[in-house]
Amino acid sequence: MTTQQQDGGLSEPGPQQDWQQHYPPHTEQHHQSYGEQQSYGEQQSYGDQQAYGYQQPYAGQQHIPQQPSAAHPYYARPHTGGSDVEYYVPEYTVVEPEPEPEPGYVLPDVPVSAWSVDNGRSAWISRGALVLILLVQAGLSFRLDGSAFPQEAKFLMSDGELSGLVSQLGLAGARALSLAWALGATALLFGATRLLFNSRAGLAAAAMYSVLESTAFTGRYASLHSLSLFLLAATLWLLARTRQASPAAVLLAAPFAALAPFAAYSAALYLPTLTVLAVLTAYRFRGAGAFVRGALFAAATGALCFAGVQLAGTPSGWNVQSTDSASELLKESAQWGGVVLLVAVIGAVGFIRRARMGEMPWAEGSAPGAIRRSLLGLTMCATALLAPLYQAWLGNGSSLYVHVGFGLLFAVPMAGLGVSRMMGAHLRYPQIGIMIYVAALVIGMAQTRELYRPPDSAAMIGALREVVDTKGEYLTDDPEISAYYLRAHTKPAQWHQAERGPALTAAVKKGSYDAIVLRADSVPEALRGNANYRLLALLRPSDKDGGQEPYRIWVKR
């Protein structure tokens with residue numbers, strides 16, 4: 001080999017030039033291959049190989065490699081001799097990957113206990129369901145009717161400013177106002193439970209609370225009990241609403257909490273619970289600042305209560321002792337609120353074991369710790385026991401069927417969470433929630449009908465209207481009822497509470513009363529054959545199965 005051949009130059013004609021004369025260069029060969037691809041049907045045997053720039057040798061010929069091109073790069077070693085042959089390196093450009101597009105939507109944060117999306121559609125669905133729940137509650141209250149209870153008549157005849165304003169509405173107006181406060185309390189309870197947990201738990205809580213015996217009773221009872229419940233529910237809602245705000249925002253809830261005991265003395269039992277909830281609801285977001293929030297709430301509420309006592313005096317009735325059996329009071333309390341408390345305990349246990357449901361297992365984010373969940377569940381469930389235990393300790397069962405509802409107001413949010421957990425993710429077992437609601441509804445209706453039995457005093461009032469005036473003195477078992485219904489004919493001071501035994505005998509012998517009205521199955525011994533009084537009427541109740549005793553009216557001869 002000559003020096004020129006070693007340097008890569010042209011040499012004399014030889015075998016290499018001979019095959020170049022028979023075969024065109026690579027570019028022509030490429031065009032020829034491209035043209036031959038169009039007649040694929042005629043040259044199917046090797047058309048695929050030509051498409052890749054590969055030449056199938058004829059029989060008896062050696063393989064001749066082709067030079068690569070831009071369209072068909074080919075990195076084969078040239079069929080030439082020598083050790084310093086350079087390889088073909090194609091030119092290329094590195095293309096940066098395009099950035100991923102922005103997402104069209106972002107999933108909302110998952111609540112701490114279950115899955116719910118608080119968008120516009122779900123909010124309107126929840127409001128519609130809440131309206132239906134409130135309509136059921138109103139129907140359960142409106143089905144209760146009758147004349148005034150003694151306590152209702154006493155409330156409407158009292159000299160207090162608020163009761164005096166309410167008394168202008170009359171018995172029907174006062175009962176309608178009580179129903180409005182009761183419905184407001186249920187709506188606020190739904191809002192508080194939704195903020196603490198989710199909308200589904202809120203609806204379940206409102207549904208169970210709306211059919212309780214105490215809820216239906218207070219909604220048709222002319223007193224300030226329903227107003228006190230409304231104030232407690234408003235306090236609970238404000239504590240939940242301001243849990244992520246500044247600790248000073250809790251001062252908005254203090255006036256509502258301070259006013260509640262002056263509407264009904266039993267609300268004072270739940271002020272410590274509200275203080276604890278002021279801390280627990282905000283601890284997840286504020287940490288140690290939650291204790292500052294609790295201290296502010298306790299200080300503001302205490303100061304307002306102290307000012308109220310100085311202005312209006314201490315609420316009466318909160319420490320009156322009696323001789324009622326403690327075991328019987330606890331048994332009755334279990335009948336009135338046992339179902340809700342049981343479901344609340346189930347909800348608390350489920351909440352302690354797992355902060356979220358399994359509807360979105362991929363959900364991430366902070367959740368309340370097990371200690372906080374335990375304290376929240378224990379506080380809400382134990383609050384339902386305050387009124388029964390306190391009144392059992394006093395031995396006083398007065399209005400216990402109403403006071404039970406105060407504690408259940410705090411336990412029902414956990415009961416709503418329990419119903420939500422038992423129905424499962426995506427409402428897998430809705431029949432469980434339906435069964436619990438139906439059971440609570442039936443029990444509440446039966447208990448309310450049993451407890452809501454006002455005296456059948458219409459006939460008695462009609463008979464007394466003909467014999468009373470503004471000058472006489474009257475003795476009766478229900479002085480409040482007589483004073484209220486006969487307020488246009490008499491004065492409240494003319495009516496006196498009747499007693500039994502020697503006290504009644506002494507009053508009859510004295511003969512200082514112009515009329516005596518007693519509820520008794522038989523004539524008392526003091527009035528049998530008495531020459532000073534004659535029996536005017538014996539009035540039996542219209543409901544013979546109600547267990548009420550007939551009215552007996554005696555007038556002075």
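Start counting the sequence shown at 1; every next residue gets the next number (this note's numbering). Note that the Cβ used here is the ideal one computed from N, Cα and C, for glycine as well.
Which term fits residue i, buried or exposed, when burial requires 16 or more other beta carbons within 10 angstroms of its beta carbon?
i	result
residue 193	buried
residue 376	buried
residue 436	buried
residue 202	buried
residue 426	exposed
residue 490	buried
residue 497	exposed
residue 219	buried
residue 553	buried
residue 478	buried
residue 94	exposed
residue 340	buried
residue 337	buried
residue 488	exposed
residue 393	exposed
residue 559	No answer is possible for residue 559: it lies beyond the span of the chain, which begins at 1 and ends at 557.
residue 532	exposed
residue 277	buried
residue 444	buried
residue 102	exposed
residue 34	Unreliable positioning characterises residue 34 in this predicted model, as indicated by a pLDDT of 46, which lies under 50. A coordinate reading is not provided.
residue 319	exposed
residue 266	buried
residue 244	exposed
residue 527	buried
residue 464	buried
residue 332	buried
residue 310	exposed
residue 379	buried
Would you check if the distance between the CB atom of residue i and the CB atom of residue j is smaller than 9 Å?
i	j	result
residue 123	residue 175	no
residue 147	residue 399	no
residue 141	residue 155	no
residue 476	residue 506	no
residue 227	residue 263	yes
residue 461	residue 441	no
residue 453	residue 372	no
residue 127	residue 195	no
residue 158	residue 225	no
residue 214	residue 136	no
residue 381	residue 419	no
residue 575	residue 389	Outside the displayed span of the chain (1 to 557) sits residue 575, for which this structure offers no information.
residue 326	residue 395	yes
residue 512	residue 397	no
residue 449	residue 212	no
residue 349	residue 208	no
residue 415	residue 153	no
residue 301	residue 290	no
residue 204	residue 433	yes
Based on the DSSP output, what are the partners of residue i in its beta bridges?
i	result
residue 551	519, 539
residue 534	555
residue 301	In DSSP, residue 301 forms no bridge with anything.
residue 475	496, 516
Who are the Cβ neighbours of residue i in its own chain at under 7 Å, not counting the five residues just before and after it?
i	result
residue 292	247
residue 31	Annotation note: pLDDT 45 at residue 31 (below 50); position unreliable, coordinate value reported separately. There are no such residues.
residue 417	113, 197, 201, 347, 351
residue 455	147, 478, 481, 548
residue 206	130, 133, 186, 189, 190
residue 402	214, 217, 218, 225
residue 540	550
residue 324	395, 396, 397
Got a sec? Which residues, its chain only, sit under 6 Å from residue i by beta carbon, not counting five neighbours each side?
i	result
residue 305	258
residue 407	383, 384, 386, 387
residue 236	192
residue 555	467, 515, 536
residue 233	185, 188, 189
residue 294	275, 278, 279
Ignore the nearest five residues each way along the sequence and tell me which others in residue i's own chain have a CB closer than 8 Å to its CB.
i	result
residue 12	Because the pLDDT of residue 12 is 43, which lies under 50, any placement of that residue in the model is unreliable, and the question is left without a value.
residue 182	137, 141, 215, 218, 219, 226, 229, 230
residue 253	234, 235, 238, 239, 242, 274, 278, 297
residue 473	494, 496, 512, 513, 514
Query raised in the report: If you scan the region 420-462 from start to end, which runs of the alpha helix (DSSP H) of 4 or more residues do you find wholly inside it?
Result: Uninterrupted alpha helix (DSSP H) stretches at least 4 residues long and entirely within the region 420-462 occur at 430-451, given in chain order.
Query raised in the report: Which ranges does the alpha helix (DSSP H) cover as unbroken runs of at least 4 residues, wholly within the region 220-247, from first to last along the chain?
Result: 225-241
**Report entry** Any alpha helix (DSSP H) of 4 or more consecutive residues that is wholly inside the region 123-148
**Finding:** none
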